[in-house]
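One structure below.
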Amino acid sequence: MAGKLGISIRAYAKRRGITHGAVQKAIESHRITPLPDGSIDPITADKEWEENTDYSKVRTKSKASDYAAAQILKLKAEATLAQIKVKKEIGAVIPTDEVIVFMRVLTTDLANQFLSLGRMVAPRIIGEQDITKITRIIDENIKNLIKDYKDDISSRIQKATTAILDNEDT
């Protein structure tokens, strides 16, 4: 016995992105013609499908499927909110307004430190003529300022985290 001439109804349905029932219905309504062995020649079937389909009569999604899609979206949103709530409860999430205040304080402190850089560097470069040495002094002070600032931020974050966790325990 020879093999199939075409592909199966299910394979053709998968290829078109539709259900195998839709392909069976197309065969029953003579929109496409199967090969003698019951398989489908995909090239011929695609051509017949286009020629014999009245797209003005093609069904759109039902209200039931719209409702199901809305329910899925609702469940996903509820799950996301539940995850955020759990993360907030364990201290893994900080409210946005607290982060904004924290960042404003840090930014203000950094700006003040950079504004004081001139007062810190000026006494060390007064009378200095060597541009390389002046640059090195300024660079060293900037590097120190950045290092101190990073250490300060780490310390503040550690204290804030500890405070949040301590409040969770009480």
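Position one of the sequence shown corresponds to residue 34 (the numbering used here), numbered consecutively onward. Every residue gets a Cβ at the ideal spot worked out from N, C-alpha and C, and that includes glycine. Keep in mind the model is a prediction, meaning the values are calculated, not measured.
8 Å or more divides the Cβ of Leu178 from the Cβ of Leu139. DSSP, reduced to helix, strand and coil, places Ile73 within a strand of the structure shown. Inter-residue distance for Thr52 and Arg64 is about 16 Å (C-alpha atoms, whole angstroms). Ile40 is bridged by DSSP to Ile73.
Under the three-state reduction of DSSP, Thr86 is assigned to coil, being neither helix nor strand.
The three-state secondary structure of Thr195, taken from DSSP, is helix.
Counting along the chain, no alpha helix (DSSP H) covers Ile51, and no H or E run does either. Judged by beta-carbon spacing, Pro67 lies beyond the 8 Å limit of Ile76, meaning their Cβ atoms are not closer than that value. Residue state for Thr66 is assigned as coil, using DSSP reduced to three classes. With respect to the C-alpha of Ala55, the residue from Lys37, Thr141, Trp82 having the closest C-alpha is Trp82.
By alpha-carbon distance to Asp185, the top candidate from Gly50, Asp142, Asp172, Lys120 is Asp142.
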